[in-house]
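Chemist:
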Amino acid sequence: MKEQFINWGTNFISKYENCDDLKIIKLKYGLEGIYNLIIKMTIVIIISLITHTCKETLMFLIFYAGIRTYSFGWHAKSNIRCWITTILIYNIIPFIFQSINISQIYGLVICLIALISMIIWSPADTPKRPLIHADKRKKAKIMCVSTTIIYIIIYLFSSNNLVNNALIYALIIQSLFINPLFYKLTNTRFNNYKYYKKNN
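Everything in the sequence shown is counted per the working numbering, starting at 166 for the first residue and increasing by one.
#1: Going by C-alpha to C-alpha distance, which of PHE170, ILE190, LEU214 sits closest to ILE199?
#2: With distance defined between alpha-carbon atoms, name the residue in LYS191, TYR235, ILE204 nearest to GLN339.
#3: Closest to LYS220 by C-alpha separation, out of LEU336, MET283, LEU346, ASN325, would be which residue?
#4: With DSSP collapsed to three states, give me the class of ALA230.
#5: Could you have a look at ALA119 and say whether DSSP puts it in helix, strand or coil?
#6: Just how far apart, CA to CA, sit ASN330 and ILE189?
#7: Taking contact to mean at least 3 C-beta pairs separated by less than 8 Å, is the segment 252-260 in contact with the segment 290-307?
#8: Closest by CA to ILE212, which one among ILE258, HIS240, ASP290, ARG302?
#9: Taking 8 Å as the cut-off, decide whether the C-beta atoms of ILE232 and CYS309 are in contact.
#10: Taking a contact to mean a Cβ-Cβ separation below 8 Å, would you say ILE333 touches ILE284 in this structure?
#11: Given this structure, state the Cα-to-Cα distance separating ILE315 from ALA305, to the nearest angstrom.
#12: Check whether the Cβ atoms of ALA279 and TRP239 sit closer than 8 Å, and answer yes or no.
#13: Based on the DSSP secondary-structure assignment, which residues constitute the bridge partners of ALA289?
#14: Can you give, in chain order, each stretch of the alpha helix (DSSP H) that sits fully within the segment 254-307 and has at least 4 residues?
#15: Using the Cα positions of LYS349 and PHE355, report the straight-line distance between them to the nearest angstrom.
#16: Residues in its own chain within less than 7 Å of GLY272 by CB, not counting five upstream and five downstream?
#17: Quick check: PHE237 and ALA335, are their CB atoms within less than 8 Å of each other?
#18: Would you say ILE215 and SER282 are within 8 Å of each other, going by their C-beta atoms?
#19: Compare the Cα-Cα distances from ILE367 to each of ALA241, LEU196, PHE177, PHE322 and report the closest residue.
#20: So what's PHE347 in DSSP terms, helix, strand or just coil?
#21: Using the three-state DSSP reduction, which class does GLU221 fall into: helix, strand or coil?
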């Protein structure tokens with residue numbers, strides 16, 4: 166199924182755009198990523214419907230995508246680990262969080278810790294995708310910190326427990342995934358752009 170999707174997408178795009186061998190390779194890599202994302206999100210939504218956490222999962226997806234887009238962060242090294250991490254983050258923990266009420270003072274402390282984390286460590290790259298351009302890293306950091314500040318403002322003025330829990334949870338997870346200690350615990354190299362410069 167995956168190969169069929171990739172081949173169909175490659176053939177379709179090739180009809181309207183000239184593609185050399187390198188571009189074909191990049192195109193197939195991108196299409197594989199899209200396919201995996203669609204499959205994972207479909208499974209996540211199905212599980213959330215079964216566990217009656219669809220609202221929690223969708224709300225978390227919105228906030229998490231917003232902060233993850235600019236801060237990047239840790240990725241699982243294998244497909245099976247990626248699946249385990251995906252189900253844990255998007256299904257199991259939201260199921261637990263639906264019955265938790267975090268006081269505003271504790272939530273604000275989490276927000277401030279997340280903001281400091283984003284200022285210090287974002288954007289966090291990976292060995293496969295080093296962020297080698299300084300200007301792009303700077304822009305990503307500005308966007309990431311700005312997004313976190315917007316989240317804090319939303320948290321301060323929102324009285325919706327579902328929104329607040331999803332927002333806090335997104336900040337906790339992403340703060341963890343850009344933390345160099347977490348990189349070390351998972352045996353993943355941190356600040357990969359520095360090594361890229363040394364080796365090129």
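Built from N, CA and C at the ideal position, the CB exists for glycine as well.
Modeler: In this structure, then:
#1: Ranking PHE170, ILE190, LEU214 by Cα distance to ILE199 puts PHE170 first.
#2: Taking only the C-alpha atoms, the option nearest GLN339 is TYR235.
#3: Out of LEU336, MET283, LEU346, ASN325, ASN325 has the C-alpha closest to the C-alpha of LYS220.
#4: Helix at ALA230.
#5: This structure leaves residue 119 out entirely; the chain is present only between 166 and 365.
#6: In this structure, the CA atom of ASN330 is about 42 Å from the CA atom of ILE189.
#7: The segment 252-260 is not in contact with the segment 290-307.
#8: Closest by alpha carbon: ILE258.
#9: Yes, these two residues count as a Cβ contact at 8 Å.
#10: With contacts defined by Cβ atoms closer than 8 Å, ILE333 and ILE284 do not form a contacting pair.
#11: Cα to Cα, the separation comes out at about 15 Å.
#12: Going by C-beta atoms, ALA279 is not nearer than 8 Å to TRP239.
#13: ALA289 pairs with PHE237.
#14: Within the segment 254-307, the runs of alpha helix (DSSP H) at least 4 residues long that lie entirely inside it are, in chain order, 258-262, 269-286.
#15: Whole-angstrom Cα-Cα distance: 8 Å.
#16: Answer for GLY272: TYR320, ASN329, ILE333, listed in chain order.
#17: 8 Å or more divides the Cβ of PHE237 from the Cβ of ALA335.
#18: Going by beta carbons, ILE215 and SER282 fall outside the 8 Å limit.
#19: Because the chain in this structure spans residues 166 to 365, residue 367 falls outside the shown range and cannot be described.
#20: The answer is helix: DSSP assigns PHE347 an H, G or I state.
#21: Helix, per DSSP.
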